[in-house]
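Asks:
In the working numbering, the protein residues as written are 3 to 495.
#1: Go ahead and pull the three-state DSSP assignment for residue 131.
#2: Note down the Cα distance separating residue 166 from residue 49, rounded to an integer number of angstroms.
#3: Just the Cα atoms here: how many angstroms apart are residue 84 and residue 92?
#4: Are residue 418 and residue 467 closer than 8 Å when you measure CB to CB?
#5: Taking one C-beta from the segment 72–82 and one from the segment 125–132 each time, how about it: are there three or more such pairs within less than 8 Å?
#6: Starting from residue 486, trace the beta strand (DSSP E) both ways and give me its first and last residue.
#7: Measuring only the C-alpha atoms, how far is residue 24 from residue 172?
#8: Quick one: which unbroken beta strand (DSSP E) runs of 3-plus residues sit fully inside the segment 26–60? Chain order, please.
#9: For residue 385, count the other beta carbons within 10 Å of its own beta carbon; 16 or more makes it buried, fewer makes it exposed. Which is it?
#10: Whose C-alpha, out of 42, 323, 362, 70, is nearest the C-alpha of residue 256?
#11: So who's on the other strand from residue 319, going by DSSP bridges?
#12: Inspect the beta-carbon positions of residue 342 and residue 400 and report whether they are closer than 8 Å.
#13: Could you check where the beta strand (DSSP E) with residue 194 kicks off and where it finishes?
#14: Judging by CA-CA distance, which residue of 284, 145, 118, 305 is the nearest neighbour of residue 258?
#15: So for residue 432, helix, strand or coil by DSSP?
#16: Look up residue 162 in the DSSP assignment and give the residues it is bridged to.
#17: Based on Cα-Cα distance, which residue from 447, 488, 472, 349 lies nearest to residue 500?
#18: With which residues is residue 307 paired in a DSSP beta bridge?
#19: Closest by CA to residue 40, which one among 356, 137, 156?
#20: Just curious, the alpha helix (DSSP H) that residue 250 is in, first and last residue?
#21: Helix, strand or coil: how does DSSP classify residue 426 here?
#22: With a threshold of 16 other CB atoms inside 10 Å of the CB of residue 61, please say whether the residue is buried or exposed.
#23: Look up residue 357 in the DSSP assignment and give the residues it is bridged to.
#24: For residue 56, does the count of other Cβ atoms within 10 angstroms reach 16, so buried, or fall short, so exposed?
#25: According to DSSP, residue 449 sits in a beta bridge with which residue or residues?
#26: In the structure shown, what three-state DSSP assignment does residue 274 receive?
#27: Taking Cβ positions, are residue 183 and residue 232 nearer each other than 8 Å?
#28: Determine the DSSP secondary structure at residue 185, reduced to helix, strand or coil.
#29: Start and end of the alpha helix (DSSP H) containing residue 283?
#30: In chain order, which continuous runs of the beta strand (DSSP E) of length 3 or greater are located wholly inside the segment 75–142?
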């Protein structure tokens with residue numbers, strides 16, 4: 003109790019001191035959201051049985067992404083594997099039934115490709131989040147029929163508390179998961195692979211893997227053997243992704259409380275002790291580019307965990323997973339200040355950003371969260387932090403050339419020349435010079451085209467200066483282009 007009281011006192015001091023800091027605008031920050039597809043919780047909310055249904059699904063996604071873009075989010079974790087089914091045409095698992103009403107039924111378009119393209123159009127990264135070991139309830143397995151992994155690979159699956167799981171202790175499980183990752187990374191311009199539920203199930207003490215343990219345990223303690231199983235899978239997947247596309251990030255979402263030692267000795271459900279995750283080892287061995295612990299709790303449970311994860315992350319990105327759903331009356335009925343204080347604290351402690359579970363509660367403005375993010379915390383765009391440990395070179399791209407500004411109806415069109423496979427940041431000011439260190443100077447970032455339209459009030463009368471930078475796949479930013487000036491006059495139609 004004394005330890006908790008001490009953390010609460012430190013939290014009060016930090017949040018109080020950071021009340022202003024939370025309103026500052028970091029130039030680099032990860033602003034992520036989980037877009038869940040299981041049961042169509044976030045998207046799609048209706049199945050597509052014809053072209054009209056397909057168009058409706060696509061419009062719905064675009065509305066979601068538009069809302070996120072308007073609030074200056076820069077990362078989307080889209081649920082790509084649900085429960086033994088996926089959101090793309092796969093040779094391994096059936097297409098999810100949320101799209102066309104039945105497993106394996108084609109909705110008239112590739113949902114994953116569509117999400118990636120639409121994210122990139124809006125300057126947002128798109129990461130495929132994969133539910134790793136759960137493969138469905140009895141009902142789901144029955145509906146999937148012969149396409150279910152339980153039917154095709156029964157040797158890899160175990161039933162536990164009414165649900166089916168891949169057995170981490172079976173060597174073939176790693177091979178199976180690698181085949182899924184290989185499909186996604188090879189065939190899609192994805193920015194990252196993120197693993198959810200890369201752990202043993204709830205009530206793992208009764209997980210029926212005694213057969214695997216007898217065969218492969220080799221005298222190790224059960225808890226150590228289970229952690230090693232997951233460590234091995236994490237390592238193999240990381241190495242495979244980097245072999246295919248070195249710039250694709252690998253991340254995971256472990257439980258938010260790390261262990262029953264250190265700052266949280268009284269924690270009841272932890273990554274290390276209860277579900278046999280060992281993210282410290284993943285980070286130590288360089289097998290994670292980002293860690294996104296799911297810290298969906300308040301105050302005395304939240305703040306010590308942030309410090310623990312920051313210590314474990316080293317040079318990698320630690321992004322705090324925040325429970326936006328907790329604002330809902332049926333899910334905790336939190337106050338908006340609970341989330342606001344957490345964002346402030348993460349920034350104050352040096353975290354690389356926040357991820358919100360899930361999209362529906364954000365864009366639905368639960369208890370004013372969307373407005374709070376758009377108008378306060380995310381008021382200005384933010385670049386994504388550089389992935390320096392991933393880059394094989396320290397050389398930045400060449401700065402963009404030939405920046406031109408032309409007037410069009412409703413605003414200005416900016417065009418420039420730049421290197422391939424880059425994303426661009428546009429800086430601007432209504433002055434002679436631009437402060438390139440300030441988020442306030444960013445017009446837009448993360449765009450992949452060589453042009454951008456800037457809406458302007460037709461009655462405006464002011465002079466602008468623009469500069470453009472290019473960033474490579476590892477987010478290494480170039481020198482800025484030469485300043486380009488444009489005087490916007492309401493008389494110059």
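Just so you know, even glycine gets a beta-carbon here, dropped at the ideal spot from N, CA and C.
Replies: Looking at the coordinates:
#1: strand
#2: Between the alpha carbons of residue 166 and residue 49 lies a gap of roughly 25 Å.
#3: 13 Å
#4: no
#5: yes
#6: 486–490
#7: No answer about residue 24 holds up, because its pLDDT of 46 lies below 50 and its placement is not dependable.
#8: 32–37
#9: buried
#10: 323
#11: Residue pairing by DSSP places residue 319 opposite 292 in a beta bridge.
#12: The Cβ-Cβ distance between residue 342 and residue 400 does not fall below 8 Å.
#13: 194–198
#14: 305
#15: coil
#16: In the DSSP output, where bridge partners are listed per residue, residue 162 has 165.
#17: Nothing in the structure corresponds to residue 500, since the chain is present only between 3 and 495.
#18: Paired residues: none, contrary to the question.
#19: 137
#20: Residue 250 -> no alpha helix (DSSP H), and no H or E assigned at all.
#21: strand
#22: exposed
#23: 34, 323
#24: Buried, by the Cβ-count rule.
#25: 426
#26: helix
#27: Not in contact: residue 183 and residue 232 (Cβ atoms no closer than 8 Å).
#28: If DSSP states are grouped into helix, strand and coil, residue 185 belongs with the helices.
#29: 281–286
#30: 77–83, 127–133, 136–139
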